[in-house]
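K.L.:
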């Protein structure tokens with residue numbers, strides 16, 4: 443059942459409601475120019491993968507402005523609701539705003555319709571937001587995220603990748619986006635398993651991000667001096683869970699130990 447809150451709009455889309463009733467509040471990046479004054483996550487690596495109990499989404503923490511470091515601890519992985527995750531790659535401002543708007547959209551839909559949106563519907567909603575950003579993307583403010591979540595109806599984790607025009611494609615195994623994505627995918631190609639345990643999923647992700655940071659100057663690796671580790675979140679039948687830095691640090695230490703001993 444839909445309730446009428448504002449004149450001229452009766453739907454359950456928060457983005458459409460905002461555009462019709464409060465257009466001045468709609469994020470608009472068309473007047474900006476990509477370049478040295480806007481922090482960017484183009485130089486980045488984010489990963490989404492399926493494992494035995496659900497999905498894992500992770501990303502490094504560095505943001506750059508041309509050849510300078512804009513931030514060493516930028517969050518690139520966001521919980522968009524209790525059962526879904528989004529990892530950003532591209533211009534940092536539009537990407538973060540899109541993640542926040544997506545979360546509000548899901549909350550708004552659930553309040554209006556009385557039930558949460560299906561996971562595939564959530565993936566479609568993000569596709570629409572990316573398409574709306576196309577004019578800004580043509581100026582260089584590109585947003586190309588990864589979306590993943592746990593499908594409670596199918597009882598499985600699902601992962602989607604996107605293109606700048608809003609096209610979406612479901613991945614059955616894993617995917618990576620960003621300047622270091624090629625190296626991350628090559629790493630995952632050797633280690634990924636559908637029946638991977640929680641520990642194995644974290645380990646293969648840390649290894650993939652480490653390999654990407656080793657080859658790509660735009661991807662931030664583990665910074666043990668500052669205590670900065672990649673963001674890693676899981677989504678299972680129990681919902682979204684953030685992996686603690688201590689667990690990521692243990693996986694990293696085991697990886698370095700194996701490589702020093704020549705075992706990997």
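Numbering (our numbering), first residue to last: 443 to 706.
Ideal Cβ positions, reconstructed from N, Cα and C, are used throughout, including at glycine.
Does the beta-carbon of residue 704 have 16 or more other beta-carbons within 10 angstroms, so that it is buried, or is it exposed?
P.N.:
Sequence index remark: in the chain shown, residue 704 carries index 262 (1-based). Exposed, since its Cβ has fewer than 16 Cβ neighbours within 10 Å.
K.L.:
Go to residue 563, then tell me how far its alpha helix (DSSP H) extends in each direction, as first and last residue.
P.N.:
Residue mapping note: residue 563 aligns to position 121 of the chain shown, counting from 1. Residues 561-574.
K.L.:
Answer with buried or exposed for residue 478, where buried requires no fewer than 16 other C-beta atoms within 10 angstroms of its C-beta.
P.N.:
For the purposes of this step, residue 478 is taken as the residue at position 36 of the chain shown. Residue placement at residue 478 is poorly supported in this model, since its pLDDT is 46, which falls under 50; the coordinates still yield a value, given next. The residue is exposed, with fewer than 16 neighbouring Cβ atoms inside 10 Å.
K.L.:
Does residue 691 come out as helix, strand or coil in the three-state DSSP assignment?
P.N.:
Sequence index remark: in the chain shown, residue 691 carries index 249 (1-based). Here residue 691 sits in helix by DSSP.
K.L.:
Can you tell me the Cα-Cα spacing of residue 687 and residue 624, whole angstroms?
P.N.:
Translated into the one-based positions of the chain shown, residue 687 becomes position 245. Translated into the one-based positions of the chain shown, residue 624 becomes position 182. When rounded, the distance between both Cα atoms is 25 Å.
K.L.:
Counting C-beta neighbours from all protein chains within 10 Å, is the total for residue 524 16 or more, i.e. buried, or is it exposed?
P.N.:
In the chain shown, residue 524 corresponds to position 82, counting from 1. Exposed is the call here.
K.L.:
Determine whether the beta carbon atoms of residue 591 and residue 497 lie at a separation below 8 Å.
P.N.:
The residue labelled residue 591 in the question sits at position 149 within the chain shown. The residue labelled residue 497 in the question sits at position 55 within the chain shown. Closer than 8 Å, so yes.
K.L.:
Is the distance from the Cβ of residue 500 to the Cβ of residue 489 below 8 Å?
P.N.:
Taking the chain shown and counting its residues from 1, the one referred to as residue 500 is at position 58. Taking the chain shown and counting its residues from 1, the one referred to as residue 489 is at position 47. It is a contact, given that the beta carbons lie within the stated cut-off.
K.L.:
Does the region 658-672 touch the region 619-634, meaning 3 or more C-beta pairs lie closer than 8 Å?
P.N.:
yes
K.L.:
Nearest-angstrom Cα distance between residue 570 and residue 689?
P.N.:
The sequence position of residue 570 within the chain shown is 128, counting from 1. The sequence position of residue 689 within the chain shown is 247, counting from 1. Taking the straight line from one Cα to the other gives about 36 Å.
K.L.:
Which residue wins for smallest C-alpha separation from residue 503, given the options 516, 612 and 521?
P.N.:
Looking up residue 503 in the chain shown gives position 61. Residue 516 is the option with its Cα nearest to residue 503.
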